[in-house]
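Sequential numbering from 11 applies to the sequence shown in my numbering.
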Amino acid sequence: MNTVVESLSPVQSILKAHRRGEAVGLYSVCSSHELVLRAAIRVALEMGTPLLVEATSNQVDQNGGYTGMQPHDFRAYVEGLAAELGLPLHELVLGGDHLGPNSWQKLPAAEAMAHSRVLIHDYVTAGFHKIHLDCSMSCANDPLRLDDETVAARSAELAAVAEAAAQAAGLPPPVYVIGTEVPVPGGEASLEQALSVTRPEAAARTLEIHRQAFVAAGQREAWQRVIAMVVQPGVDFDHSQVQHYVPAAAAELSSFVAGQPGLVFEAHSTDYQLESSLQALVRDHYAILKVGPALTFALREALFALSRIEEELVAPAEQARLPEALDQAMQAEPRHWLKHYAGTPDQQRLLRRYALSDRCRYYWGEPAVKAAQARLFANLQARGIPLPLISQYLPEQLPAVLQGRLASSPQALVEHKIGQVVAAYARATTRPQIESPHAGRVSSL
């Protein structure tokens, strides 16, 4: 479908290699947390991979999103971390995820799309190269479920904005991801609500309707840079369970995309998949693997482990009590979790802390939570963390500490734990893919 352009970005080069039959793909880090990004940068440096970092439309937008950052702020932030840690900027690619009317669904469609055009313009002008056009959500005056024609027309409209913005800014034209069967960002409330595996005929119809919409909007050149489509391969998670990849269930879908030159699938909600399942996904042309909540879940696990260590080393009156500070912040402002976590107060308390959907990721930037984390790090840095306590609470980090490859400082331990998750994705997208012996299993972690 897509033609070769003279100068290929890292994204295009890797996906072109994938379509030549090489066992390669891209992993996409969807997080704005500094420790997550530091961990991802270190893995990219260690394993020699490009780093694709994506911001979501509710996280970063023209009004600041929930991070308080506009697109140009996010770019400066990520590039600053990359420069500090020594990652060449040509190895860093920024992407925008779920860009469309997501944040303005309560408005009439015309108003929501007006905001979406500004969103797209600002992302592209700020240098975001990989643009996921997601107009699959209904607005206030829309039917409950949009048809493919409406989704495609709105996506083509936004692609036209992106093309013009890149040209006006003197930037390379973006690459695009399309698709209407988009998993819920951050995981399902229940796996029973998850989408079934996309049918090949549905994927073919979506692709053709989008092609027609791009042509009708005068965006033939932009269509040549549609690199991926989001479909549902049967991979998802909810608060406590993971649906692992079943290659046989998605075999027809994989065969379909193999017949579409230049196109791959982008897999959302791959968090908590076994590494062998990630490898199988890449083999089956899900060449872009997105991960987000699993990274901040590892962050939370590490910080809670350090809090347990703090309880052993620090007098109660001096303790940071980070878990309590986090829960207090979540209860004081419940809008990010209340509609997602049902049950009794005790059940909600456990979900707030431990759910795989990891809604607590929205609260690490709260002033009281940041202060508690800083105090936790200072307490442990001042006292030092004894090896037996690392063994007890962060056992996966102990070998690297003993080998002298990892400092026993709080921040280094946290970054290493997050980096283990990132490294699984890096290996899955750079090494030969294998069949997953556990595919199809629903597990509770």
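Where a beta carbon is used, it is the ideal one built from N, C-alpha and C, also for glycine.
The structure displayed is predicted, hence computed values, not measured ones.
**Report entry** Neighbourhood of P210 by C-beta, 6 Å cutoff - its chain only, sequence neighbours within 5 removed
**Finding:** Looking up residue 210 in the sequence shown gives position 200. Same-chain partners within the cutoff: E262, L263, F266.
Report task. For P20, collect the residues of the same chain with a Cβ closer than 6 Å to its Cβ; drop the 5 residues on either side in sequence, then sort them by chain order. Result -> Along the sequence shown, read from residue 1 onward, the residue named residue 20 stands at position 10. Annotation for P20: P60, V103 place their beta carbon closer than 6 Å to its own, counting only its chain and skipping 5 residues before and after.
Query raised in the report: To the nearest angstrom, how far is it from the Cα of R268 to the Cα of Q383?
Result: To locate residue 268, count along the sequence shown from 1; it is residue 258. To locate residue 383, count along the sequence shown from 1; it is residue 373. In the sequence on display, residue 268 carries Ala and not Arg. Looking at the two C-alpha atoms, the distance is approximately 47 Å.
**Report entry** Contact between the region 47-58 and the region 86-95 (3+ Cβ pairs under 8 Å)
**Finding:** Here the region 47-58 lies against the region 86-95, with 3 or more beta-carbon pairs under 8 Å apart.
Query raised in the report: Can you give the Cα-Cα distance for E334 and Q69, rounded to whole angstroms?
Result: Stepping through the sequence shown from its first residue, residue 334 is reached at position 324. Stepping through the sequence shown from its first residue, residue 69 is reached at position 59. Between the C-alpha atoms of E334 and Q69 there is a straight-line separation of about 25 Å.
**Report entry** Counted within 10 angstroms of its Cβ, other Cβ atoms place G35 as buried (16 or more) or exposed
**Finding:** In the sequence shown, the residue the question calls residue 35 occupies position 25. Per the 10 Å Cβ criterion, buried.
Report task. Using only alpha-carbon positions, find the residue among A308, H254, S38 that is nearest to E285. Result -> Here residue 285 refers to the residue found at position 275 of the sequence shown. Across the set A308, H254, S38, the C-alpha of H254 shows the shortest separation from the C-alpha of E285.
Query raised in the report: Can you give the Cα-Cα distance for T439 and Y37, rounded to whole angstroms?
Result: As a working mapping, residue 439 is identified with position 429 in the sequence shown. As a working mapping, residue 37 is identified with position 27 in the sequence shown. Near 7 Å, if we compare the C-alpha coordinates of Y37 and T439.
Query raised in the report: Looking at C-beta atoms only, is the number of pairs between the region 405-417 and the region 357-366 that lie closer than 8 Å three or more?
Result: Counting Cβ pairs under 8 Å, fewer than three are found: no touch.
Report task. Inspect the CB distances between the region 385-395 and the region 364-372 and report whether three or more fall short of 8 Å. Result -> The region 385-395, when compared against the region 364-372, does not touch it at the 8 Å Cβ threshold.
Report task. Might you give, ordered along the chain, the residues of its own chain that have their beta carbon closer than 6 Å to the beta carbon of A179, omitting 5 neighbours on each side? Result -> As a position in the sequence shown, residue 179 is number 169, starting the count at 1. If the five residues before and after A179 are omitted, its C-beta is found closer than 6 Å to the C-beta atoms of T135, all from its own chain and listed in chain order.
Report task. Flag this pair as yes or no: are the beta carbons of P183 and E121 separated by less than 9 Å? Result -> Position 173 of the sequence shown, counting from 1, holds the residue named residue 183. Position 111 of the sequence shown, counting from 1, holds the residue named residue 121. With a cutoff of 9 Å on beta-carbon distance, P183 and E121 are scored as not near each other.
Query raised in the report: Is it a yes or a no for the region 112-121 touching the region 149-160, going by three-plus beta-carbon pairs under 8 Å?
Result: Three or more beta-carbon pairs drawn from the region 112-121 and the region 149-160 are found closer than 8 Å, and the two stretches are therefore classed as touching.
Query raised in the report: From E167 to V245, what does the alpha carbon distance come to, in whole angstroms?
Result: In the sequence shown, counting from the first residue as 1, residue 167 sits at position 157. In the sequence shown, counting from the first residue as 1, residue 245 sits at position 235. Taking the straight line joining both Cα atoms gives about 30 Å.
Query raised in the report: Who are the Cβ neighbours of A378 in its own chain at under 8 Å, not counting the five residues just before and after it?
Result: As a first step, residue 378 must be located in the sequence shown, where it is residue number 368. Only A335, Q338, A339 meet the Cβ criterion.
**Report entry** Proximal residues to H144 (C-beta, below 7 Å), its chain only, five neighbours per side dropped
**Finding:** Taking the first residue of the sequence shown as position 1, residue 144 is located at position 134. As written in the sequence, residue 144 is Asp, which differs from the His given in the question. Correct list, in chain order: H108, L109, G110, N112, V192.
Query raised in the report: Thinking C-beta only, is L217 closer than 9 Å to I188?
Result: One-based indexing of the sequence shown puts residue 188 at position 178. One-based indexing of the sequence shown puts residue 217 at position 207. Cβ atoms of I188 and L217: closer than 9 Å.
Query raised in the report: Whose CA, out of A170, V240, Q270, lies closest to the CA of A226?
Result: Start at 1 with the first residue of the sequence shown, and residue 226 comes out as number 216. Nearest of A170, V240, Q270 to A226, Cα basis: A170.
Requested in this report: Would you mind sorting Q177 into buried or exposed? The rule is 16 or more other CB atoms within 10 Å of its CB.
Outcome: For the purposes of this step, residue 177 is identified with residue 167 of the sequence shown, where counting begins at 1. By the 10 Å Cβ count, Q177 comes out exposed.
Query raised in the report: Between which two residues does the beta strand (DSSP E) harbouring L1 extend?
Result: With the chain covering 11 to 455 only, the question about residue 1 has no answer from this structure.
Report task. Kindly indicate which three-state DSSP category L104 falls into: helix, strand or coil? Result -> Taking the first residue of the sequence shown as position 1, residue 104 is located at position 94. Note: L104 maps to strand in three-state DSSP.
Query - Span of the beta strand (DSSP E), counted from its first residue to its last, around L36 - result: Translated into the one-based positions of the sequence shown, residue 36 becomes position 26. Residues 36-39.
**Report entry** Assigned exposure category for G197 - 16 Cβ within 10 Å defines buried
**Finding:** Here the question's residue 197 lines up with position 187 in the sequence shown. Any reading at G197 is ruled out, since the residue's pLDDT is 47, under 50, leaving its predicted position unreliable.
Query raised in the report: Beta carbon of A223, beta carbon of E159: below 9 Å?
Result: Your numbering for residue 223 matches position 213 in the sequence shown. Your numbering for residue 159 matches position 149 in the sequence shown. Yes, the pair counts as a contact, with Cβ atoms nearer than the cut-off.
Query raised in the report: Beta carbon of A65, beta carbon of F138: below 9 Å?
Result: Position 55 of the sequence shown holds residue 65. Position 128 of the sequence shown holds residue 138. Taking the C-beta atoms as reference points, F138 is found nearer than 9 Å to A65.
Query raised in the report: Any idea if V452 is buried or exposed, counting beta-carbon neighbours within 10 angstroms, 16 or more meaning buried?
Result: Within the sequence shown, the letter at position 442 stands for residue 452. Residue placement at V452 is poorly supported in this model, since its pLDDT is 45, which falls under 50; the coordinates are not used for a value here.
Query raised in the report: By DSSP, does L129 sit in helix, in strand, or in coil?
Result: Along the sequence shown, read from residue 1 onward, the residue named residue 129 stands at position 119. DSSP places L129 in helix when its eight states are reduced to three.
**Report entry** Q289 versus P326: straight-line alpha-carbon distance, rounded
**Finding:** Against the sequence shown, residue 289 aligns to sequence position 279. Against the sequence shown, residue 326 aligns to sequence position 316. The alpha-carbon atoms of Q289 and P326 are separated by roughly 46 Å.
Query raised in the report: Is M147 helix, strand or coil by DSSP?
Result: The residue you call residue 147 lines up with position 137 of the sequence shown. In this structure, M147 counts as coil in the three-state DSSP scheme.
Requested in this report: Kindly identify the DSSP beta-bridge partner or partners of K140.
Outcome: Here the question's residue 140 lines up with position 130 in the sequence shown. According to DSSP, which records beta bridges pairwise, K140 is partnered with G105, V185.
Query raised in the report: Between F247 and D281, what straight-line distance do the alpha-carbon atoms span, to the nearest angstrom?
Result: Translated into the one-based positions of the sequence shown, residue 247 becomes position 237. Translated into the one-based positions of the sequence shown, residue 281 becomes position 271. Each residue's alpha carbon lies about 7 Å from the other.
Query raised in the report: What number of angstroms, rounded off, separates the C-alpha of P355 from the C-alpha of S250?
Result: In the sequence shown, counting from the first residue as 1, residue 355 sits at position 345. In the sequence shown, counting from the first residue as 1, residue 250 sits at position 240. Using only the alpha carbons, I get a separation of about 17 Å.
Report task. From the DSSP output, in three-state form, read off L97 for me. Result -> For the purposes of this step, residue 97 is taken as residue 87 along the sequence shown, with counting starting at 1. Here L97 sits in coil by DSSP.
Query raised in the report: Helix or strand or just coil, what does DSSP make of Q467?
Result: The displayed coordinates of the chain run from 11 to 455. Any statement about residue 467 would go beyond what the structure contains.
Report task. Within 10 angstroms of the Cβ of E406, are there 16 or more other Cβ atoms? Answer buried if so, exposed if not. Result -> Counting from one through the sequence shown, the residue named residue 406 turns up at place 396. E406 should be labelled exposed.
Query raised in the report: Excluding sequence positions up to five away, which residues of its chain have a Cβ less than 6 Å from the Cβ of A163?
Result: Mapped onto the sequence shown, residue 163 falls at position 153. Excluding residues within five positions, the ones whose Cβ falls inside 6 Å are A223.
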